[in-house]
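Visitor: This is the structure I want to talk about, given as structure tokens.
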Amino acid sequence: MQVTPEGIALPAVLASRGTRFGALLIDLVIMGVAMGVTSLVLLLAAAGLNTATGGRIDNPDAELKSALEFVIILWIAAMFLFRYGYFLFFELGPRGATPGKRMTGIRIAARDGGRLSAEMVLARNLLRDIELFMPIGLVFSAGETDGVTWLAAMGWFMIFALFPFFNKDRLRAGDLIAGTWVVEAPRRRLEAVLSTTATARAGTSAATGAAYRFGDAELSVYGEYELQTLERVLRENRREALVSVHEAICRKIGWNPGAGDERAFLEAYYTQLRARLEAGMRMGKRKADKFT
15 MQVTPEGIAL PAVLASRGTR FGALLIDLVI MGVAMGVTSL VLLLAAAGLN
65 TATGGRIDNP DAELKSALEF VIILWIAAMF LFRYGYFLFF ELGPRGATPG
115 KRMTGIRIAA RDGGRLSAEM VLARNLLRDI ELFMPIGLVF SAGETDGVTW
165 LAAMGWFMIF ALFPFFNKDR LRAGDLIAGT WVVEAPRRRL EAVLSTTATA
215 RAGTSAATGA AYRFGDAELS VYGEYELQTL ERVLRENRRE ALVSVHEAIC
265 RKIGWNPGAG DERAFLEAYY TQLRARLEAG MRMGKRKADK FT
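Note that the sequence shown ends on residue 306 in the working numbering; no numbers are left out.
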């Protein structure tokens, strides 16, 4: 179960270990291709400089030497950014997922149900260097020349590779440190509309006759993520959840929550919030969540 900032317990479907491994492989392939293409482009640039200066790469003058050093610095910087920036760039985005995770339908999320912070993403990705890149680099560098180092590196790698198999939440070490986990990603597009009563769609309560009309300022506080959460609460129709969410929304928009007409209020708010978000999407504007 995942608890949202509004205090509602919602089921979170954890991503399988196989899906996580597949996503990592896709990301590593993308990184490898990008690094290879960048290296090739810079190599061709160095070759072009050599040709332009009469093929003096073995004995370059000061100008050619400076140009080649600049190309080498660019290559080092690019490799550094691919290694450390790839995961950070995508996981800090609104979807919280790299291309590999998006293709496999998963994303990272905060285990406390709150917003995924930059500190969490940074922590889990710094640990990836210790979990993956450093031991693999040591394995390949040791090779057959140093069996003891190779075995030590393989042991190091296997400890972290098998870590998700020894905890029920399938956490890698980076997740444990950062307070994150990997879950199946909620679909971001607005799909089938929740079936509501005609009076709810009109913003009127069938029980009390109260008319619920929300202004733009009251609807603008929430986005697609909260809409999906509200839809899930309405579908499950648990009394305690309806009351809790009703109170949370009323506090957020400055209404007096009252009591006894929670579902009519939430259905009206859901319908009007959905209409507002869909209108924004038609204009090319999306509000992913309340933090956007």
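For each residue, glycine too, the CB sits at the ideal point set by N, CA and C.
Is Thr306 helix, strand or coil when you go by DSSP?
Guide: Here the question's residue 306 lines up with position 292 in the sequence shown. If DSSP states are grouped into helix, strand and coil, Thr306 belongs with coil.
Visitor: Flag this pair as yes or no: are the beta carbons of Ala111 and Arg121 separated by less than 8 Å?
Guide: The residue you call residue 111 lines up with position 97 of the sequence shown. The residue you call residue 121 lines up with position 107 of the sequence shown. Yes. Within cutoff.
Visitor: Cβ atoms of Phe171 and Pro149: under 8 Å apart, would you say?
Guide: For the purposes of this step, residue 149 is taken as residue 135 along the sequence shown, with counting starting at 1. For the purposes of this step, residue 171 is taken as residue 157 along the sequence shown, with counting starting at 1. For Pro149 and Phe171, yes; Cβs fall inside 8 Å.
Visitor: Where does Lys182 land, buried or exposed, given buried means 16+ other C-beta within 10 angstroms?
Guide: In the sequence shown, residue 182 corresponds to position 168, counting from 1. Label assigned to Lys182: exposed.
Visitor: Between which residues of its own chain and Lys115 is the CB-CB distance below 7 Å, once the five residues before and five after are set aside?
Guide: The residue labelled residue 115 in the question sits at position 101 within the sequence shown. These residues qualify, in order along the chain: Ala37, Arg121.
Visitor: With Leu57 and Leu88 assumed to form a contact (beta carbons below 8 Å), what rounded beta-carbon distance in angstroms separates them?
Guide: Counting from one through the sequence shown, the residue named residue 57 turns up at place 43. Counting from one through the sequence shown, the residue named residue 88 turns up at place 74. That belief does not hold up - the Cβ atoms of Leu57 and Leu88 are roughly 11 Å apart, past 8 Å.
Visitor: Quick check on the DSSP output: the alpha helix (DSSP H) that includes Glu261 runs from which residue to which?
Guide: For the purposes of this step, residue 261 is identified with residue 247 of the sequence shown, where counting begins at 1. Unbroken alpha helix (DSSP H) run through Glu261: 253-267.
Visitor: Rounded to a whole number of angstroms, what is the C-alpha to C-alpha distance between Arg129 and Ala156?
Guide: By 1-based counting over the sequence shown, the position of residue 129 is 115. By 1-based counting over the sequence shown, the position of residue 156 is 142. Spanning the two alpha carbons is a distance of roughly 42 Å.
Visitor: Assign Leu185 to one of two classes, buried (16 or more other C-beta atoms within 10 Å of its C-beta) or exposed (fewer than that).
Guide: In the sequence shown, counting from the first residue as 1, residue 185 sits at position 171. Buried, because 16 or more other Cβ atoms sit within 10 Å of the Cβ of Leu185.
Visitor: Output the residue ranges of the beta strand (DSSP E) runs that lie fully inside the region 107-193 and measure 3 residues or longer, sorted by chain position.
Guide: For the region 107-193, whole beta strand (DSSP E) runs of length 3 or above, ordered along the chain, are 120-124.
Visitor: Alpha carbon to alpha carbon, how far is Gly169 from Arg142?
Guide: For the purposes of this step, residue 169 is identified with residue 155 of the sequence shown, where counting begins at 1. For the purposes of this step, residue 142 is identified with residue 128 of the sequence shown, where counting begins at 1. For Gly169 and Arg142, the distance between alpha carbons rounds to 16 Å.
Visitor: Looking at the structure shown, is Arg202 part of a helix, part of a strand, or coil, going by DSSP?
Guide: As a first step, residue 202 must be located in the sequence shown, where it is residue number 188. Per-residue confidence for Arg202 stands at a pLDDT of 49, beneath the threshold of 50, marking its modelled position as unreliable; no derived number is given.
Visitor: Nearest CA to the CA of Trp195: which residue from Arg265, Val47, Ala123, Ala293?
Guide: As a first step, residue 195 is located in the sequence shown; it is residue number 181 there, counting from the start. Ranking the options by Cα distance to Trp195, first place goes to Ala123.
Visitor: So, at 8 Å on beta carbons, what are the nonlocal neighbours of Leu280 in its own chain, with the 5 sequence-adjacent residues on each side left out?
Guide: Here residue 280 refers to the residue found at position 266 of the sequence shown. Correct list, in chain order: Leu244, Val247, Leu248, Leu256, Val259, His260, Ile263.
Visitor: Roughly how many angstroms separate the alpha carbons of Arg300 and Asp41, rounded to a whole number?
Guide: Along the sequence shown, one-based indexing puts residue 300 at 286. Along the sequence shown, one-based indexing puts residue 41 at 27. Each residue's alpha carbon lies about 26 Å from the other.
Visitor: Looking only at its own chain, which residues have a Cβ that is under 8 Å from the Cβ of Val85, when we skip the five neighbours before and after it?
Guide: Translated into positions along the sequence shown, residue 85 becomes position 71. Leu56, Ala59, Ala60, Leu63.
Visitor: Under a three-way DSSP split, which group does Val47 fall into?
Guide: Along the sequence shown, read from residue 1 onward, the residue named residue 47 stands at position 33. If DSSP states are grouped into helix, strand and coil, Val47 belongs with the helices.
Visitor: Exposed or buried, what is Thr306 when buried is set at 16 or more other beta-carbons lying within 10 Å of its beta-carbon?
Guide: As a first step, residue 306 is located in the sequence shown; it is residue number 292 there, counting from the start. Exposed is the call here.
Visitor: Does the beta-carbon distance from Leu176 to Val135 come in below 8 Å?
Guide: Position 162 of the sequence shown holds residue 176. Position 121 of the sequence shown holds residue 135. Contact: no.
Visitor: Could you give the residue range of the alpha helix (DSSP H) that holds Arg249?
Guide: Taking the first residue of the sequence shown as 1, we reach residue 249 at position 235. Taken as a continuous stretch (DSSP letters only), the alpha helix (DSSP H) holding Arg249 covers 238-250.
Visitor: Going by the CB atoms, is the gap between Leu291 and Glu11 shorter than 8 Å?
Guide: Nothing about residue 11 can be reported from this structure: the residues present for the chain run from 15 to 306 only.
Visitor: Would you say Lys299 lies against chain C (beta-carbon separation less than 8 Å)?
Guide: Within the model displayed, chain C is absent; a lone protein chain is all it includes.
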